[in-house]
Structures are given as C-alpha cells and as structure tokens.
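*Asks:*
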Amino acid sequence: MKRYILKRLVQAFVSLFAVTLIVFMLTQLSGDPALLMAPPDATPRDIQEMREIMGLTKPLHVQYGIFLADILSGEFGRSFKWDKPCIAIWLDRFPNTLLLAGASMVITIIIGLSFGILSAVHVGRWFDQFGKIFALMGQALPVFWLGLMLMYLFSVKLRWLPTSGMGSWEHLIMPAITLGWFFTASIARLTRSSMLDELDRDYIKMAKIKGVSRSGIILRHALKNATIPILTLGSLNFVFMLNGTVITETVFNWPGVGRLVVEAIFTRDFPLVQTTVLIGASFFIFVNLMVDVLYAYIDPRIRYQ
Amino acid sequence: MSISVQSTAVDGTSRQESGARLWAMVLHARELPLFSIGLLLLFVITGIFGDFISPHDPLRTNLRAVLLPPFWEETGTATYLLGTDHLGRDILSRLICGAGVSIEVGFSVIIVAGLLGTLVALLSGYIGGRIDAALMRLCDIVLSMPYLMVAIVLAAVLGPSKENIIIILIVLGWASYARVLRGEVLRVKEGDFIRLAVIAGASPVRIMFRHIFPNIVNTLIILATLQLGMVIITEASLSFLGLGVPVPEPAWGSMCAEGRGYIYDAWWIAFWPGVAIMLVVLSCNFLGDWLRIRLDPKFRQI
Amino acid sequence: MTEELLAVRDLKKHFPVTKGIIFMKEIGAIKAVDGVNFTVNRGETFGLVGESGCGKTTTAKLILLMERITGGTIHYKGRDISLLRGSELKSHRGSVQAVFQDPFSSLSPRMRVKDIIAEPIVVSVNAPSKTAVKEKIAELLQLVGLRKDAGDLYPHEFSGGQRQRIAIARALAPDPDLIVLDEPVSGLDVSIRAQIMNLLRDIQDRLGISYLLIAHDLPVVQHMSTWVGVMYLGTLVEIAGSEELNENPVHPYTKALLSAALPHHPAHIREEIILPGEVPTPFNPPEACKFHPRCFRARDICSSVPPLFRDIGGGHFVACHFIDDLRKI
Amino acid sequence: MKMKPILEVKNLRTYFYTRRGVVKAVDGVSYELGEGETLGLVGESGCGKSISCFSIIRLVPAPAGVIVGGEILFGGSDLLLKSEEEMDRIRGAEISMILQDPMTSLNPLFTIGDQVAEPLQIHQKLKGEGLREKVREMLNLVRIPSPEVRMKEYPHQMSGGMRQRIVGGMVLACRPKILIADEPTTSLDVTIQAQFLRLLKEIQHTSNLSMIIVTHDFGIVAKACDRVAVMYAGKIVEMAGTVELFDNPEHPYTAALMKSLPKAGMRQNRLYAIEGQPPDLRTLDSGCSFAPRCPRAMEICRKEYPPRVEINDGHTLSCWLRKGEVLND
Amino acid sequence: MKTHFWKVFSVAAALIAGLTAYPGSPVQAAPKGEVVFVQATGSWEMRTAFDPHTAIGSSCTTLISLAFEGLVTKDEKGILRPALAESWKIADDWSRIDFFLRKEVKFHNGDSFSAQDVKFSLERAMREDMRFVFGPEMRRNIESVEIVDEYHVRLNLKAPYPAFFDRSFEYLAIVPKAYIEKVGDQGFAAKPVGTGPFRVVKFEREVFFEVEAVENHHRQTPHIKKLTVKVVPEHSTRLAMLKTGEADLIGLSAIHVPLVKRDPKLRVLWNQHTFLPTMVFFAVSQPGDSPFKDPRVRLATSLAIDRKGIADAVGHGALTPWGSFLAPHHPGFDPEQKPPAYDPEKAKKLLAEAGYANGFDTVLTSDPTIKEWFEAMLQQLADVGIRAKMDTPEHGTWAASFVGGKFKGIGYGSGPWWVGRSHPYVALESHIIGTWSHNLATPEVKKTMGELLNATDNEAIAKSARQVDEILLEQKMRLPLWSYHTPLGAGPRIKEFPGAPGVVFPIGFERLQINE
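Protein chains in written order, with this note's numbering: chain A, 412 to 716; chain B, -11 to 290; chain C, 3 to 331; chain D, 2 to 330; chain E, -16 to 499.
1) Drop a sphere of 10 angstroms on the beta-carbon of S70 of chain E, count the other beta-carbons inside from all chains shown, and report buried for 16 or more, exposed for fewer.
2) What is the DSSP secondary structure of Y233 of chain D, reduced to helix, strand or coil?
3) Provide the residue span of the alpha helix (DSSP H) that contains E660 of chain A, from first to last.
4) Between the beta-carbon of V93 of chain B and the beta-carbon of A239 of chain B, is there less than 8 Å?
5) Would you kindly work out how many angstroms separate the C-alpha atoms of S108 of chain C and A121 of chain B, rounded to a whole number?
6) Is the Cβ of A166 of chain B closer than 8 Å to any Cβ of chain A?
7) In chain order, what residues of the region 25 to 49 of chain D put their CB closer than 8 Å to some CB of chain C?
8) Given Q116 of chain D, which residues of its chain have a CB within under 7 Å of its CB, disregarding the five upstream and five downstream residues?
9) Could you pull out every unbroken alpha helix (DSSP H) segment of at least 4 residues lying fully inside the region 253 to 303 of chain C, listed in chain order?
10) Measuring only between beta-carbons, confirm whether R182 of chain E sits less than 8 Å from chain A.
11) Of the choices C:A321, C:A290, C:H294, whose alpha-carbon is the least far from that of S306 of chain C?
12) Evaluate the contact criterion for the region 351 to 360 of chain E versus the region 295 to 308 of chain E: three or more CB pairs, one atom per stretch, below 8 Å.
13) When DSSP labels each residue in this structure, what does N39 of chain C get in the three-state scheme?
14) Please state the DSSP three-state secondary structure of A23 of chain E.
15) Tell me the DSSP secondary structure of V215 of chain D in three-state form.
16) Can you pull the chain B residues whose beta carbon is under 7 Å from the beta carbon of E121 of chain C, in chain order?
17) V168 of chain B: which of B:K150, B:V186, B:G71, B:L104 sits nearest, CA to CA?
18) Of all the options E:D344, E:I416, E:V346, E:K89, which has the alpha carbon lying nearest to the alpha carbon of H201 of chain E?
19) What distance in whole Å lies between the Cβ atoms of L264 of chain C and A220 of chain D, which are believed to be in contact at a cut-off of 8 Å?
20) What number of angstroms, rounded off, separates the C-alpha of L183 of chain C from the C-alpha of V101 of chain C?
21) In its own chain, which residues sit with a C-beta less than 6 Å from the C-beta of E660 of chain A, not counting the 5 before and 5 after it?
22) Taking the DSSP output, what are the residues bridged to R92 of chain D?
23) Quick one: Cα of G232 of chain E to Cα of L634 of chain A, how far?
24) For a cutoff of 8 Å on Cβ pairs, would you count Y614 of chain A as touching chain E?
25) List, in order along the chain, the chain G residues whose C-beta lies closer than 9 Å to that of E355 of chain E?
26) Just how far apart, CA to CA, sit L510 of chain A and T678 of chain A?
27) Alpha carbon to alpha carbon, what distance is there between V186 of chain B and L155 of chain C?
28) Please tell me whether A12 of chain B has its Cβ less than 8 Å away from any Cβ of chain E.
29) Could you tell me whether the region 122 to 132 of chain D touches the region 231 to 249 of chain D, using the rule of 3 or more Cβ pairs below 8 Å?
30) Go ahead and pull the three-state DSSP assignment for G88 of chain C.
31) Once the 5 residues before and after G466 of chain A are set aside, which same chain residues still bring their CB inside 8 Å of it?
32) In three-state terms, what does DSSP make of V14 of chain B?
33) Does A144 of chain B come within less than 8 Å of chain E when only Cβ atoms are used?
34) Using 8 Å as the cut-off, can you tell me whether the region 240 to 253 of chain B makes contact with the region 559 to 570 of chain A, which would need three or more C-beta pairs spanning the two stretches below that distance?
35) Would you please state the rounded distance, in angstroms, between the beta carbons of V219 of chain B and L146 of chain B? I believe it to be under 8 Å.
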C-alpha cells in the first residue's frame, strides 16, 4: 500500500508539473494584464512601465522559471492586481468556497443517497421515476438559470431568503441548493445502480438465506459495498464543486475562489489564475489519491494487497 | 430473467450476451422512450432544416417589435408565436435555428471527442505498456484540470466563437471517454475471441477495430448521449460569462444567458431556450439510461 | 509408426514479481509452468489434466505462442517455434488452432458466423479467393453439423453447443495439424457435452488431426485421449496411456485424483484418498517435489531432492521417489 | 424406507413474467424430504431445479419471478402463507442454503467472524464471548485451521475450498433442520470437491440434517444422495432411490443422461448423445417436453403430458412409455 | 440498524424542510440612517488593500471619494469646486499651479491638515514603487511640489498639465503625513485615514466596504449615518437585491431600466453623459484596400444607422443620439451639432456612387459588454448593403486588439471616455490621439489637440475644443453614436441623490438624502 501511494505521488508530481506548464502557456497567451488594469487615459508609456514592473517583458522561459520558483517558495507569486502572495488571497477566499461546497455536498449526499437507495429498493415504481426526474432536473438546467429562478422565487417573490452574499446560514441555502442539485443527480443515479448491482450479488442472497432483515440487507450489506463507487464519485464531485463554483458564486455573489478566478481571468491576473488552476488540479489529484487510500480502509481486498 | 438455456440462466450463471441481439431488442422493444426519442428527433430535424422551418429570419431585428410576449398574452401577436427578444427577433425562429447551432456544437464535440477518446482507449487498453502509461498520464492531466476554470481561460484566450467552443469542449472532453472506454477495452480484451483472433494471426489493428471496437460501441453511444447534455449545459455556462457562442448566432445557451437580464419582465426570452435545453438534456439522459439498461444484459430482461 | 508433431521440452514460464517504484526489483517469480516435457503425436490426442492453478492453461498459451516462454523449447514439426518473430510468426499462425472453454466469449459477438469462421483464412499470409473461402465455410459448417445458412447469422442466435461447433469449425478453417482444446466441454450441459465430444472424435478420425486436450475432468480426458499427462503446480507428475493411467496409476497425486473422480454408479465408489489442504500458490512453491506437503507418502527426501521424471516402461513417465513402492499398491 | 417427511413440496409452480413471455421455470413440482435424508435434484441448466429451491425459502428473484401456486409444508404449516418477517425467522435458523460459487457468496467487506456470527446474532441473539465461542466452534466444525486467526480475516484471503467450508459453517451456525445445497461443489477442484462432500456428509450424520443437493452431475448423486429427482423443463420426470434409479433408469431422459457420461478410465469409441437442445420454457406446448428429443417418442407424447405414476416402491415416473406398458399389462 | 437509519434520515429531512420553510428570516433592509449601495464592477482596482495611491484602475473612484478628498472636487453640475484647496491659480504659461489650502481641516484620526500633507501625498503618489497608475504621467509633468507656506502649495510643472485637476478629483487623495510616517504604508493600507466625509469602518477587498459619516465635516456633513458598498458583478442579482430592499442603491444595467421604472417603489437616477460610444472605421488605419477608405462610404454608414431607433429599443434611456465628440459640460460644446438623420436611401445612393451598389462584406467588432447596440445595427447596415459579420471577442482580447491597432472593418469605439473629465483635452486625449486612437490621429488632429493642451483661458480652450470636434466630424474616421448616461437604481428609501455629470462610479454620497 505504501509503495502504491508513493508511486501515485510520483505520478501526481509529474502530472502537476505538466499542468503548470499548460496553465502557464495558456495564461501567457491570453492577453495583456497591464492594459486591462489601466484606466482608459493611461498612455502607452504608462502601460509599458506597468508591464515591466509586472515582469511581463522578460523572456517566457525566464517567466516560467520564476513561476516555478514562486510555487516552490510557497507564495505562488504575487497577484498583479492585489499585490499580495496569491496563496494568501486564495486562502482568504477558500474557506468560503469550502463552506459552500461542503453545504452542497451535504445536500447532495443526503438527497442523492436517500433517493438512490429508495429508487433501488422501489425499482421501476413511481418513486424511482420521480426520483430520476427530480435528480436529472438539476443536470438539465443551466446553473445560472436555476440560480436566478430560485432567487426570483424565494427572495423576490416569497421574501424568505436573502438574494445573495455571505452572512447568516440563510445566505447559504440557495447557493448550496443550486450547486448541489447539479451533483445530486449523479450521486442518486450511481447509488441506485450500484445498489442494484450489489443487491443482485450472491452474498446478498446468502444474507437473505441467513435471515437478515430487509433493512439490514440494504443498509448493512449492500450499502457498504455500494459505497466504493459512490465514494469515488462523491469525492470527485466534491472537487468539481470546489473548482466549479464559478457560476454559482457569480450569481449569488459568494466571495469564493470561483468568483476570484473569473475576475482574475478577465483581468488577466496571471499569477492568480495559475495559482487557482494549479491548486484546483492538485485537489483533483490529491483527492483521487485519498479516495484510493480510503478504498483500502473500506475494502480489505485492497488493504491487504 | 429468462430460463432458456442459451441466455442468462436462473442459476445465476450469467453469461455475456452479444451486442447484435441487444440491438435487435433495442429496436423491437415495446418500452421505447418515445417521448425522448421523439424530442431528440425533433431536435435533430429542426437542427438540420431549421433554416427552412423557421417562420422568420432568426437574425432579423425589428426594433418596432421588441419584447413582444407569446401570442396568448394580451399584447402578443400570432406573428411571433413565442414572442420576441430585446431586439425584436422572433424567439421561435431563434429556437429552431438555435437547435442547429446546439447540434453543431453538441454533435461535433461528442463525435470528435468520442472518437478521439475511443482511439486513445483502444491504443491504451489493447497495446498497453508504455503507450498505455503515457496516454493515461495525459488523460490524468486533462481530467485533473478544473474543467470550467480551464474552459474559461481557453475561451478567453481563443476568443468566443462557435469553432473555439467546440475545440475547447473537445480538448477537455475526450479524456473521460478514454478513461471509461479503456476499462471496457480491458474487459473485452479478456474475451476468448480476442485470444482466438491472435492465434488466427489477426493483426493488432484488425483486432482493435474489427473485434474490440464493435464491442465498446454501446458504451460509447451511452456515454455520448449523456455527454450531449453536458456539452449543451457547459456552452450555456460559458455564455453566462460572456464566453459562449457569440451573438447574433442563436445558440440556446447564449439566448438563455442574454435573456436572463429580462427575466423579471420578459420571462420568455430566457424561458424558452431554458426549457429547450432542459428537455433535450433530459431526453438525452433518459435515452442514455434506457440504452444503458437495454444494452446491459443484467437489466435487460427485468 | 507414430510421428512426433509437437515436442515440448523443459518448458518454463515464470512471471516475475517486482517491487519498487521507479527502479523495479525482482523479488521472486510465479512459476506457472516449471519444466514440462511431453510429446503430441500426429493423429493422437494428448490430454493434460490437473486442478485449477496447475499451469495447464499457461502451457496451452505457450504452445499457442500467446505468451513468451521463459525457458525450454517447443518443437513443432521439428522446428523450434518458441522464438518465432514477425513474418515467420505470422505464417506459423494458423497451423495451430484452439478451442476454448466458454462458447459465449470465444465468438466475436458483432461478427457474422461466416466471418468468424473465415477469419483465420482471411488474415493468413496467402489468403485464398473469396469464392474459395465461401466454399470452405460451407464445407466446414457441414462438417461440424450446422445448417448451411448458419453462416449468415450472428453467434447469439445459437445455443452453447452450437456455438462450440462454430468455434470448432473456425479452428479447422486453416487446416491445422494441431488443435489445442482448452476445456472444450466443461461449459456445456451434460446432454450437449456428449455431442461435442463425439464431434471432436469424428473429426479426428476423418482428418487425422492431433489434439492437445486440457481439462480438469479426468473422465473426459481419459475418454478423449490417447495419452494423459497429470499436472501439479507447474510440473507434470505422470504421463501414461489413457487406460494404463486408470489401471496402474503410480504417482500419489494421480491416485488421489482418480479416487476423487465422481463415480458413475453408487456401487462404484472407490476408496477415497482425501488430500489434506489445498494447492499452494505457484509463487515460491514448495522445494523439490512440489507435491510433498500434501502427499501421504512424503519422506524427508521429497523436500530436498527433486524427483526425476522417469520412464517406467511403455511411455509411462512418473516423477516420484517411491515409484517401486507405489507400483505394488 | 419410509421416513417421516420434514418438508413436503406439493405442486409448486414458479413463473417468471418477462417481456418476452411467461417462463414456467417450475411447473408443478412435488416431492418430499425425509428427516436426515439427502435428496438430489438433477437436471441441466435452466430446468428449474434451483428456482424450485429458492421457492422453498421464498427468495425467487422479484419482481419477475412469482410463486404462482402450490404448497410447501414445513413443520406442519405452509411456508407460502407466511409473512416476510416469519420467513426471516425461518431462513438461516430452520432452513438454510449454500450457493454454487464460494467466491461470491461471502461479503467481501466483512470479516469471516462477523459473517459467521451474523445468523447467530439474528436468530439466537448471542453477544460477546458466547457469540465468539460459538463462531469458533462452527469454524472448527467445518475444519478451518486456527479459527481464532481466521475469524479476523477477510474472504479474499481464503482459497475457494476454504470459503465454501466457511459458507457451510455460516449457514449451519444455527443448526437448521434443512440444508439446500445448490451445486455446492461445481466450482471447486476435484480433490477439494471430495473434501467438501465428505464434510457435508459428516455434519449430516452428526446433526441429523436433511439435505437437498441440486446438481447436474450424476456423480455427485451417486456419491452423496439417498434419493434422486430428475428434472426436465420445470417438471420432475423421474424420482427414485439412488441405487434404484441408477439400476433402472426408466425415463428416456434419465437413461440417456446416464449413458452420455464418459466413464473414467475408458476410451470408448462414441458416447451416447441426446440430440437437439433443451426446450425454450416460454413456448412449451401441451405434450411431453422431452418428446422432441426423445428417440422413442410416440404420437401421444407430443399431445399430452404424461401423468406421474409410481412404478415401483418409491420410484415415480412421468412417461407415456412406461404408462403404456403399465396399461398394456 | 433500521431505526438508526430512519432516525438520521428523518432528522435530515426535517432539517432540510426547516431550512426551506423557515419564514423567520425575511430579507432585511438596512437599519435606519444606513444605506447599502451595490456596485457593479468586481474590481477594487487598488494594488494594496486600501491605499488610493496604489490605484491602478478607475472603478475605485467611489471608494476613494468617500474616505478621502483631493485638492479639488466636482459639484452636481460637473464644475470644479474647492475641496482641500480653497482656490488655485494656473500660470499663463502652464509653468506652475498655486493651490491655497483650506484651514482647520482635520483628518479622521484628528491630525490637522496642512501643506506638508499635500506635498507628502503628491510626492508619495509620484514614488515609483507605489506604482500609481498616473505616477508616470505626474513624473513627466510635475517638476516639484513646493511648500510656499503652511496653506499654500505650488506645483512647478514641466509641461501643461490640465489633467491634474481630473486626477485630483478622482484619484489623488491627500493623506496624513504624520500618520503614514508612523504606521508605514502597510499600516495605512490596512487602516486608511483621510479627510473625506466618511470614515472607513471596515472592508473586505472586492466584497464590501463600510464607512460611517464624519460629523461636522468641513465641506458637508453627510445626511446618512452609514454607507455600505457591496460588490456584486451579476446584474440580475443586483436587481433582485434592489427589489427585495437589500440594496438601496445599485449600479443598474441599462436593460433593467424599464423594469425599475415600472416598479412604483423604485426610481432610476442618471449620471448624465458619462461616455460616448463611437463607431470607429478601423479599416482606415489599416494597410490595404477597404471600402471604408472612401469618405462617402463612411458617411453612408453614418446615415444607415438609426441611432434613435436603437436608443429607443435597447437604450432604455441610457442612450441619447449624439453628434459631437464633446459633452455638454465641456467648454466649446456646440448644442447645434446634431447627428445626421437616419436616411438609408441616401446611404444606398452614396454607396452606389462609391461603387458599392451591391454592397460589400465586412466585420463589425464589438466589446461583449455592450453588444446589443451593435447587434441591433447589423440589420440596418445590411439593409443598405453593408453586410457585416459580428465579432465579439472577450473584453480582454478586445481591448488588447484595439490598443494594438489590430482590428479590421468597423466597430465599437469605447470613447471619448468623458467620465467627468472637465477639460476637453483630457476627455479627448486617450481616444483621439492616445492609447485608444487605433492610429487614426492625423497630423491636423494632433496639432489642434496641441493647441488645446496649451490653452489656459476658458475662451481659448473652448475655441480649440470646438475646432478639434469639427475636424473629427469632418474626417469621419470615427462617428459619435450616442451619449451614454449611467443609470443607478434607487430604492424607496432614497430621497435624493444628485449625481455628478459624467461620473460613471457615483461620488458625492454626502449629498445623498433618505426618507425615514
């Protein structure tokens, strides 16, 4: 197991290195931050001076070297716009995104899991159909559309919830639902199908033969085995949520990483874009690794290999 | 469950069923998701013949007829059945022609990304070794990129245009096909018929395309149906950020994104494309689900 | 009289087990096949019998050149085929064919039966004309007892037994001299099994083909084979003529296998030799005689000196230290 | 030898409602199981032998499979009339079952100890040391070496034979009165098969267990069963004491099946083969379902299903041939 | 096991139901005397948390104007008024400007304000390491800052510097010397102190900014007690906030104007004449042949555009058809300069004369943020034969291509960016001869602009400005389309909020009055 983790870490390192290169190339190609930050009446000379200060006039390979050095230093470079280490900016915003993604995850897991299990148990009946449509709706609607509709209904019409921003737990509800609904579908569908898979297996028959009750079969035997794929998808979904809050955060004005990155992209704040994308990618890789380790925790077949 | 000797036996000795019969079943089955198929057919037909069907020129602005509601509302007219947008363009026509744009984007992405993914999966899964390691690393890298963030960066770099959107979604999309299909290839590869083909002297190319490919095509189709919805939604998300298919071309996503500003007083601008997206994505999902069940021997006979 | 078609000498297949992340270090090997010797004569059937994990399927794969051998030689028609490469390999392909256990997985589900049968001919170095192929298919279909129009159908339209017939037709297509039969009937129902076994025997009688039959079921092997080899953990422990093996089994393992074989009448229950424990893994197997930990005759020598594989007369080979004792029993 | 029946199955019918028609998997099956007796249910795959057993413990795959009629009398009451909760109390405690494949019968995520303990927790409400003691006892009973260690291990760490023994220990933990073994040895190696069968017989003798062994192999019947029921296409075609059946197989199907088995040690020229394929259970007509394959089929065989008659003490048969003979007598 | 699951499940279900059904959390309006203003741009364009001298962009104007003051400010008519300087005098040859400072002004921390602070602030803004966006400009134009006496500061200039007044009002905040010397630049950025009518309470970069009124402010004590500025980029969300009362004042998207107008509780406030969307004939500055190199085609283009029609349909009041490059608040503005009437027939004739009777194909480039206006134009251009394919690159790409002079065909020009530039030279410079000119400035334009720069008295300024305007209109390399007015949405609590003409990002919150 240790050996496997080490091997994966080495692979992850290689992947991340490639990601830095891609991200660097992409951002460098994308335009001129100095121009975008300056007000219209800044002269070309002023703008050029800004470029020099930002280090954009250096050759690309030197800039890339500096970028790598910045990553290794742990600061991830200084944001053009904020004049602060990118990591500090990111750390300021990340808890907000984590809160949002966490709340969404809770919703996703509770609803997705229970819908999935109930659908599997009532396969083919009305609940199955209803659950399927309910779940799929979240994936069939553009996130911003859903968010605006919720806002219209719950804030403007019913006046139950604040429209946007962060603050009390009420602020969290709509963004969390908007973000979570999208992922609920996949969790519900996967739970259903892996539950059906598991319920079809011989050891479930054996459990029935032993006289295990229906709920025991579903929750103790089948669910534990079905957890493995759900865990994979769930944790990957969590990463997607962390990285994919862009739209939700924009609609609900949630001061998280998603909004940060959109603004950074639009203002061509290269170090900040690179930092967020890179951290996003390392999340994915890290979580993948974590999931594999968790598997081993759940599944003795892997643990003892 | 059937109890004939040649198919899945009750004793639980499930056996691999072949694809061709399943296809026959797919076509003869009574429980076709008619609604989904009908809707998708409608979608494809309007997409292809949109220019002939649409009652108005989707790009023709009429500044004297802006923000007209659908015909059943008081101020609506029968000329513009579903109303007009902020530039007086006919929503129905834009919806109809927008299907074409969505089809062009959606289908080019799922076809190219799907084929690319399939090719990678075949090479990686069948040949294995270093090629497998290299391709899968590449897959990892693409998959690890935060999808929407990178899509936004790419869209900002390349500039929003239909072609660029297609390229972006392909670049980011092929890897998930490759991942899933590689697993399928590895599974199919274990079949004795592959071993026998090797023994018979068939070349790797023949084995990959004549033997393995037909057996993973089901999965490819299922994936593609599910991806079609994702592509449309992603295009809409990019549009929301101003990076989708650019105006004045009537893509559903950008119609929806642009119409959102009018959501409180001219709901129909964003509503109809939203509904269209929802229906198509739902249909894709239903069809995909249905195919998955039909093509999976385990579920097939229930 | 008898002509040697396939001669396997000291055949070995070891799968290395490695450790390390970047620099792989071998820490041992799975000795799937570890020094196997046997001969298949023209027109005869050689049966290999053994329990799961004994290496019989790996042996088949090596002979079919699906895996690289680790050591030894495989002489086919007097030529060592184990090291063939490229075009030589390609032209050799076809002359040894195979039929596998699972009739469902051995036919490509997306190909028509005629294409499946024709494949070995079509891909061969000098493929015959289309009409010749067509005739050949018709001939083969008839030979295995299928209707002429069967060629236009897909495999799923056939039952297990019929599919196995198709698989046999396919194996016969390139006119091979040797067919490796890997558990050809164990996936079939009892009533179908006899049909296929008869078919295989008929074909052999008509075409003079040789079979290498691999199975776990001793009665089936004995029924089909001229010679039977008993495998245990990667090595052959005994080879004998089919009836000789039944009447004079020498190796303790062979005796145990025979005693465990199910009776065909309740009155025929033999004295049972129940072997203790289970087959050990081929990863770092027992030293010397691999059977000694389960053997009822084991002595000290068995764990230190590997027994020789000796001819005890009439082509009856045994690998055991106590041959003479055992023959008396 | 009339024994007090512990289980009576009367006219059991289990159908599967599929989109392509109704499959009459079990269609009017009746038999009884005596105390301490072993009944063999023999037939080819798809003949309904397994489904009839799953029907007894009411675990027919829902929603397609439905027990449409019949009675299953156990301890004086009809199992088919019991509620789901009552059945939960019977399963594992009174009637238990072993499935074919030991590799999939155990939940991979629970330890051996937990799994063997589960029925004891459910039915006997055992806890703590008492539970552990009982689990240890069961593992000892099924010859698991060092049970204390094995209890903490997981199924994947065991070999197939050991797993099947653990399954045995698990299903027998509550000392059920009836054990149904569905092809219990099919996926085991011959030598392991012998081990396991002997273990089952031993346990049966010590605990007066009644057993139903479902198998396709007459060898197992010959070795392990007291009485045999031969099934074909959802019906019992012949039932008799084992020796009686082997000596006087009356039904053409039974006779043909026996003749089609290769006999160990003999290289016969041809085996007897039953022509044709088993029937599709959806499209059965009113006649005898074996008639299309029966070499001695008569006019009446195709029209009407033969009634079940007792032709000898405890030997029942459904065949017009014998019926005809009886009538002629 | 069973009960356990259902317990958890029902608790969770109840929790969700409770969350969605809980009626006790109505959307809350700001407390009495406090106002919430929701700003559109997400950009907090200061490098260092809150240090006005690190400003690198324009959207921080509002924030700076709240807490700080410059030497001058503007009133609701857009006229320069004294702020920290009571009066000033520009030398005739633009060699120096004398500022006479207001006495008895106190910083928020109690320090007194004097010439020391002015010199310190200006020199601080000029420091290279501050990277103030106008630092290079100041270094080019200002020779030195001289303290004549405690309340008299003199700027010695290297060149005419009319832009100084606009910079002063927008960016050049005067900061306390003693305080900054004590706490350092970082300390100041974290806890800013100024002389503005509001004092900073707390802020979170790019998220919100909270200030409270300064009692007895030397210029005007605000009517409100507290102001919170929030940043919400999505326009639909801002509208929702206005409708629910979470915001009292929002940066309104023009498309929402009709909606706000229809709601009896809400009002639209306008900041008039903030900038001039123009049509630029990029092709003229490009090598190679193009129909647009013929002035008749350019005139035809102008005639083909129904400025009023578009303004009515998609302007919602934000657009007034405009015929001049100057705004009404500029000296030299001629109210008689009207845009040409919509005349597609004449346009067709002109095109035919120029040899394009069958029309031609071209590209119309627009920034994505205002694309509707140009989308609406496509049809009108096509009607006379100018078949334009629309291209809307992402804003960053658009800006880079514009400044790089890479566009072909025709397209949107973003200015003159009047935004309160009261001196016509400053207003015209960037788009006519500067960064955003797309190489379209002819020697004649440059020469006249030079004269405008050097003029010091109002009449000379007016004359030169009108001359520039006329030349530009004559050349038709860019066409004025509409004058843009920036809308603000006001909730029911806003009584009065006189804006400043031309100011995109509202200032003068001390004049904001609310109903209680």
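C-beta atoms are modelled at their ideal positions from N, C-alpha and C, and glycine is treated no differently.
Because the structure is a prediction, the values reported are computed rather than measured.
*Replies:* A quick look at the data gives this:
1) exposed
2) strand
3) 657 to 662
4) yes
5) 29 Å
6) no
7) E45, S46
8) L107, N108, M171
9) 254 to 262
10) no
11) C:A290
12) yes
13) strand
14) coil
15) strand
16) A185, A188, A190
17) B:L104
18) E:K89
19) The displayed chain sequence assigns Gly, not Ala, to residue 220 of chain D. At roughly 2 Å, the Cβ-Cβ gap stays under 8 Å, so G220 of chain D and L264 of chain C are in contact.
20) 5 Å
21) G667, G669, R670
22) D:I96
23) As written in the sequence, residue 232 of chain E is Leu, which differs from the Gly given in the question. Their backbone Cα atoms lie some 53 Å apart in a straight line.
24) no
25) The chain inventory of the structure shown lacks chain G, comprising the protein chains A, B, C, D and E.
26) 26 Å
27) 23 Å
28) Low per-residue confidence applies at A12 of chain B: pLDDT is 49, beneath 50, and the placement is therefore not dependable, though the value from the model is reported in the following sentence. No, A12 of chain B does not count as interfacial toward chain E.
29) no
30) helix
31) Q474, I477
32) Because V14 of chain B sits at a pLDDT of 49, beneath the cut-off of 50, its placement in the model cannot be relied upon, and the point is left open.
33) yes
34) yes
35) About 17 Å; that fails the 8 Å criterion.
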